[in-house]
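In what follows, a structure is listed as structure tokens, so that the remarks can point back to it.
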Amino acid sequence: MLLSIVLAGVAALNGNGLRAQTGTPAAASVEPSLERGAYIFRAAGCLACHTDAKNKGAPLAGGRAFETPYGTFYSPNITPDKDQGIGAWSEDDFLRALREGIAPDGSHYYPAFPYTSYTGMSERDMRDLKAYIFSRAPAATPSRPHELKFPFKYRILMWPWKLLFFDEGRRVEDPSKDSRWNRGAYLTEHLGHCGECHTPRNFLGAVKRDRVLGGNPSGPDGRKVPNITPHPESGIGGWSQSDVTFFLESGFLPDGDFAGGAMTDVIEESTSHLSDEDRQAIAIYLFSLPPVE
Amino acid sequence: MKRLSTAICLGALIAATAPALAADEPANVIKYRQNVMKAIGGNIGAIAAVVKGEVSFTDDVAAHARGIHEMSKLITHVFPKGTDNAMAADTRALPAIWEDMGKFEAAAKALEAASANMVTVAEAGDPSAFGAALGEVGKACGGCHKPFRAEKN
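If you read the sequences in order, they're chains X and Z. Quick note: the first sequence uses the working numbering, first residue 1, plus one each step. Quick note: the second sequence uses the working numbering, first residue 1, plus one each step.
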């Protein structure tokens, strides 16, 4: 049933004009930079999801549980351990996972892994990120299989899902906007994958494109995630640009309250480590969004 | 003898008063505690305005830091049983607080320590260290709000 619904929708497939088509070639012209990789690692927020901090798991060894309406996802081990982690992956394997959402064995990832956002990353960023992750300590923790409900446990369903909802390809800069806006869009939509939590999803788990960053009644662990579009009442329309940058740096809201839920991890592991310029770019981009009620 | 009986009377008086305190109306305790939290938030908001360069009251930062530190010492006792969001209205305090009081008290102590450090740094007048001190206070806020406070509706 589900499959037929999904297949019926394929005809309505609509691509995003801002993406470059890719076959993921690895043009190894520049040596990867660990320093850049470390920064991208922070901006992409890999650590918080791929570490089971609650149970004192090793960094990047996976096992963090994500309760969703589709069942429980467990993040996998992405340490460079050859057997239990991704240590045996080639650079092409790594790029394909991020760009196309496909594992080295050819199976499709569930979009709990935000390849739907990472697909827009530049190839250089992906290569530097891979180099950095491979410089971390390996951990021999086996990845725990997801515990998903029918029919979501059938991974093959991800193929038609991707045809419907996934726009593959590196982000191309919008020449009508300045470089700060473009950088902000890249950080917000791709590296930072903000929409994965802040945009609501439809019943098939795809983000609703008419409500981008408009708040999600059912975010991670069923918790409510706020609207971060510049709507004056329901969003951040009443904030100043420095309110946004200060929040991303410190976690303090304009009224002196502190970020809640999963955002505390995002502040601590990701946005507080970004440069001031990047935090400003995110703010510029957020204020340029269409306000969602 | 007279002194002893005075002491006994005084003891009895305190004993009689203490349970009365514990029996404050949950709704009133919740309002009180929210004012304590707003006092912290207000001081943070004021510090933020200075840090962001919106106002030039740099010398006031230490006073705000002291305000936060004083309020942080009140946190553990403004959460009596029966004032969580499962049993009372208009609060986001999760029952998890009373399920793991040790962790909750440690989280409150973390704010006490972080705010004490922020007072020291602010009084020393070292702006380069202040950002880090404020960051630690932020971590302490998050360290308690994340496990123990529900999202806004």
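C-beta atoms are modelled at their ideal positions from N, C-alpha and C, and glycine is treated no differently. Because the structure is a prediction, the values reported are computed rather than measured.
Supposed contact pair residue j and residue i - C-beta distance, whole angstroms, cut 8 Å
i	j	result
G214(X)	P200(X)	7 Å
Y110(X)	F73(X)	7 Å
G251(X)	I267(X)	4 Å
G143(Z)	A107(Z)	5 Å
A129(Z)	V137(Z)	About 13 Å separates the two Cβ atoms, so there is no contact after all.
D81(X)	P138(X)	4 Å
G63(X)	G71(X)	Not really, about 16 Å apart at Cβ, beyond 8 Å.
Q84(X)	S176(X)	With a Cβ gap of about 47 Å, Q84(X) and S176(X) do not count as contacting.
V172(X)	G195(X)	Rounded, the Cβ-Cβ distance is 18 Å, inconsistent with contact.
K54(X)	G101(X)	Actually they are not in contact, since the Cβ atoms of K54(X) and G101(X) sit about 27 Å apart, beyond 8 Å.
T141(X)	A61(X)	4 Å
A124(Z)	A140(Z)	Going by Cβ atoms, the distance from A124(Z) to A140(Z) rounds to 20 Å, so no, they are not a contact pair.
E249(X)	R279(X)	6 Å
P254(X)	W239(X)	6 Å
L74(Z)	V36(Z)	5 Å
G120(X)	E233(X)	About 30 Å separates the two Cβ atoms, so there is no contact after all.
Per-residue contacts from residue i into chain Z (C-beta, under 9 Å)
i	result
A259(X)	G138, C141, G142, H145 and K146
F66(X)	Near F66(X) there are no residues of chain Z at all, since even the closest Cβ is about 16 Å away, more than 9 Å.
Minimum Cβ-Cβ distance from residue i to chain X less than 8 Å
i	result
I44(Z)	yes
G67(Z)	no
K52(Z)	yes
G41(Z)	yes
A164(Z)	This structure cannot speak to residue 164(Z), because chain Z is shown only from 1 to 153.
A18(Z)	Reliability of the predicted coordinates at A18(Z) is poor, the pLDDT of 49 falling under 50, and no value is obtained from them.
Residues that residue i contacts on chain Z, provided the C-beta gap is smaller than 7 Å
i	result
R223(X)	E151
F165(X)	Under the 7 Å cutoff, chain Z gives no residues; its nearest Cβ is about 27 Å from F165(X).
Cβ pair residue i, residue j closer than 8 Å
i	j	result
R42(X)	L274(X)	yes
R127(X)	A281(X)	no
R149(Z)	G260(X)	yes
H145(Z)	F246(X)	no
P290(X)	G235(X)	no
I30(Z)	D90(Z)	yes
A96(Z)	T83(Z)	no
V61(Z)	V50(Z)	yes
H69(Z)	A116(Z)	yes
F165(X)	A103(X)	no
R99(X)	V30(X)	no
G45(X)	S270(X)	yes
P76(X)	H193(X)	no
A112(X)	F152(X)	no
L216(X)	C197(X)	A small correction: the amino acid at residue 216(X) is Asn; Leu does not occupy that position in the sequence shown. Yes, Cβ-Cβ distance for N216(X) and C197(X) is below 8 Å.
L129(X)	I40(X)	yes
W181(X)	S90(X)	no
L191(X)	V244(X)	no
H231(X)	R155(X)	no
P59(X)	T51(X)	yes
S72(Z)	L111(Z)	yes
S242(X)	K52(Z)	yes
L47(X)	S135(X)	no
A27(Z)	A88(Z)	yes
T76(Z)	E99(Z)	no
Chain Z within 8 Å of residue i, Cβ atoms only
i	result
L274(X)	no
T72(X)	no
T229(X)	no
E293(X)	no
T294(X)	Absent from the structure is residue 294(X), since the part of chain X shown begins at 1 and ends at 293.
I284(X)	no
L289(X)	no
Residue i beta carbon near the ligand SAM (any heavy atom closer than 7 Å)
i	result
L191(X)	No copy of the ligand SAM occurs in the structure displayed, which carries no ligand at all.
Partner residues on chain Z for residue i, Cβ-Cβ distance less than 8 Å
i	result
D268(X)	Looking at the sequence shown, residue 268(X) is not Asp but Glu. Neighbours of E268(X) on chain Z, chain order: K139 and G142.
| said: Please identify, using Cβ separations under 9 Å, the residues of the segment 235-256 of chain X that lie next to chain Z, in order along the chain. | reply: From the segment 235-256 of chain X, only S240, S242, D243, T245, F246, E249, S250, G251, F252, L253, P254, D255 and G256 have a Cβ closer than 9 Å to chain Z.
| task | With 9 Å as the C-beta to C-beta threshold (strictly closer), list the residues of the segment 70-82 of chain Z near chain X in chain order. | result | For chain X, none of the residues of the segment 70-82 of chain Z brings a beta carbon within less than 9 Å of one of its beta carbons.
| task | For the segment 122-135 of chain Z, enumerate the residues whose C-beta is nearer than 8 Å to any C-beta of chain X, in chain order. | result | Residues L134 and G135.
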